[in-house]
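Novice: In UniProt numbering, the protein residues as written are 1 to 416.
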Amino acid sequence: MVIKIITVGIGGGTGNQMFQYAIARSLAEDLNTDFYMNLYQYDFLPSFVSKTPKHVRFNLQHFNIKEKFSSSLKFITKTLESKFNSNLNYINEGNIFTKFTYYNPEILNLKGKIFLRGNFQDERYFSHNSDIIRNDFKIITPPSRDNKKLIKEISSINSVALCIRRGDYLSPFWKAQVGICTMDYYNKAIEEIIKKVENPTFYIFSDDPEWVKDNVKLNYPSVYVSHNDVDKDYEDLRLMSNCKHFIIANSTFHWWGAWLSQNENKIVIAPDPWFNSETIKNPASDHWIKLNINSYHMLFKENSDNIVFGTDKAVESNNDNKLIILKKKKLKLIYLFNDNIQFSQNDFILKLVIQSSDKTVIKLINDKTNPIYIGIKKGITEKYIYIDKHISLNSLILENGNTNSIVIEYLALVEN
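This is how it looks when you write it as structure tokens:
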């Protein structure tokens, strides 16, 4: 008899937790077995956990979920054991930035003991059990009086949830890695909504409500939703899901707000690409509108008169051209700029045109920031990367840890 049991690691913010729960819940339903959530990411937080952002703590207790938990120590032990025991299926999706992470249909065919670790941001893992997932994600914590009133209002009109993500996306790493949806994106999305929806009212949700109130001014009826505390983000999710239509940012939290909406005729507009690194497939549903916008490409074009450094072709030494390229070899490190170049203290947009012998992920390294991962296609790839002023250009290194050949065909830097 094959012992069937599923354990899933839960971590990250509420949106990530929901994807992790959904794949395990759906797989357990398919295999007619139990599943357990493991909170190892939270259990091993240091004693100063009170300083941890509230949105990255376990938040699923407010939902109609099946609550079964496993030992974090056991989860880690089984993770190690899986390397030597073929009867254990340990699926580690890995960092969604460090490699290309796509839908893996083989997960749905696993048997026996299964340990899942990752984000699994693809509805195909659970769409065949969507009714079960929707039921589990009903929020059981009663709404506050203000939210109850707002739900009634939202449900009675052509409400549009306009979702703006800032917060941690403003850090140098996330700004380069993920990218922020600009007002150009939102303005184009609003134009799409106006064409399709009669008399819309926009309900604006954001993790930076003060900035939104000062900078987002619409010429249409709009309501700023800013009264819920950060540790009650489930209240915002409930309000979002009651809206009729959606303009979302590249956020899993916003994704779930749109997905959970029961409006059969809902219009959902999502950014494309989802992440600037393009190492994951855009999780937007097939029937959603993907607004093709590369904000950094636009910023580069707008500031093209401010090119402070550029090269028309890759070179083999940095003696004169300040660039090191190893052609037709296993390239390890490229020092993009030497220490003699003086740059201003402003932000920059870096344009790279790279030729690669195969699909790969390379990274920009700086001693003061996290690595910035860049998804590269086979052949020619054109990338635009936001370089925050806190990133030292003089110590910026491009690293390729793979065996494929890489050549930089073009590099340019504009001051933003």
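Idealized CB from N, CA, C, for every residue including glycine.
#1: Just the Cα atoms here: how many angstroms apart are Thr33 and Tyr373?
#2: Is the beta carbon of Lys351 closer than 8 angstroms to that of Ala412?
#3: Taking 8 angstroms as the threshold, find out whether the stretch 130 to 144 comes into contact with the stretch 113 to 120 through three or more Cβ pairs.
#4: Helix or strand or just coil, what does DSSP make of Asn92?
#5: Let me confirm a value: Phe69 is counted as buried when at least 16 other C-beta atoms fall within 10 Å, else exposed. Which label applies?
#6: I need the boundaries of the alpha helix (DSSP H) containing Asp347, first residue and last residue.
#7: Mind checking whether Thr101 and Thr252 have CB atoms under 8 angstroms apart?
#8: Look up His245 in the DSSP assignment and say whether it is helix, strand or coil.
#9: Report yes if the CB atom of Asn303 is closer than 8 angstroms to the CB atom of Lys244, and no otherwise.
#10: Name the residue from Tyr36, Arg165, Thr14 whose alpha carbon lies nearest to the alpha carbon of Leu60.
#11: Identify which residue in Asn404, His227, Phe348, His62 has its Cα closest to the Cα of Lys359.
#12: Exposed or buried, which one is Gly257 when buried takes at least 16 other CB atoms within 10 Å?
#13: Taking 8 angstroms as the cut-off, does the stretch 273 to 288 touch the stretch 198 to 214 (at least 3 CB pairs, one atom from each stretch)?
#14: For the ligand ADP, is there any heavy atom lying closer than 7 angstroms to the beta carbon of Val223?
#15: Return the bridge partner residues of Asn38 from the DSSP annotation.
#16: If Asp272 and Leu299 are in contact, beta carbons under 8 angstroms, what's the gap, nearest whole angstrom?
#17: Taking the DSSP output, what are the residues bridged to Thr252?
#18: Rounded to the nearest angstrom, how far is the Cβ of Leu239 from that of Ile151, given a contact under 8 angstroms?
#19: Name the residue from Gly11, Asn400, Gln121 whose alpha carbon lies nearest to the alpha carbon of His254.
#20: Can you list, in chain order, the stretches of the beta strand (DSSP E) that have 3 or more residues and sit fully within the stretch 367 to 414?
#21: Going by beta carbon distance, what residues of the same chain come within less than 8 angstroms of Asp347, once the five residues before and after it are set aside?
#22: If we count the other Cβ atoms within 10 Å of its Cβ and call it buried at 16 or more, is Gly379 buried or exposed?
#23: Rounding to the nearest angstrom, what Cα-Cα distance links Glu106 and Glu235 in this structure?
#24: Nearest to Glu191 by alpha carbon, out of Leu27, Asn104, Ile247?
Specialist: According to the structure shown:
#1: Cα-Cα distance, rounded: 38 angstroms.
#2: It is a contact, given that the beta carbons lie within the stated cut-off.
#3: No, the stretch 130 to 144 does not touch the stretch 113 to 120.
#4: Shown here, Asn92 sits in a strand according to DSSP, grouped into three states.
#5: Result: exposed.
#6: Counting along the chain, Asp347 falls outside any alpha helix (DSSP H), and DSSP gives it neither H nor E.
#7: By the CB criterion at 8 angstroms, Thr101 and Thr252 fall outside the cutoff.
#8: Residue state, collapsed to three classes: strand.
#9: Between Asn303 and Lys244, the C-beta spacing is not below 8 angstroms.
#10: Looking from the CA of Leu60, the closest CA among Tyr36, Arg165, Thr14 belongs to Thr14.
#11: Among Asn404, His227, Phe348, His62, the Cα nearest to that of Lys359 is on Asn404.
#12: The Cβ neighbour count for Gly257, taken over all protein chains shown within 10 Å, is at least 16; the residue is labelled buried.
#13: With the cut-off at 8 angstroms, the stretch 198 to 214 and the stretch 273 to 288 do not touch.
#14: As far as ligands go, the structure on display features none, and thus does not contain the ligand ADP.
#15: According to DSSP, Asn38 bridges with Gly9.
#16: Contact between Asp272 and Leu299 does not hold, since the beta-carbon distance rounds to 17 angstroms and is not under 8 angstroms.
#17: Thr252 is not bridged to any residue.
#18: Yes, Leu239 and Ile151 are in contact; Cβ-Cβ is about 7 angstroms, under 8 angstroms.
#19: That would be Gln121, whose Cα lies nearest to the Cα of His254.
#20: The stretch 367 to 414 contains these whole beta strand (DSSP E) runs: 372 to 376, 379 to 387, 397 to 399.
#21: Same-chain partners within the cutoff: Tyr386, Ile387, Asp388, Lys389, Glu415, Asn416.
#22: Looking at its Cβ environment, which holds fewer than 16 other Cβ atoms inside 10 Å, Gly379 is exposed.
#23: Glu106 and Glu235: Cα-Cα distance of roughly 36 angstroms.
#24: Scanning Leu27, Asn104, Ile247 for the CA closest to the CA of Glu191 turns up Ile247.
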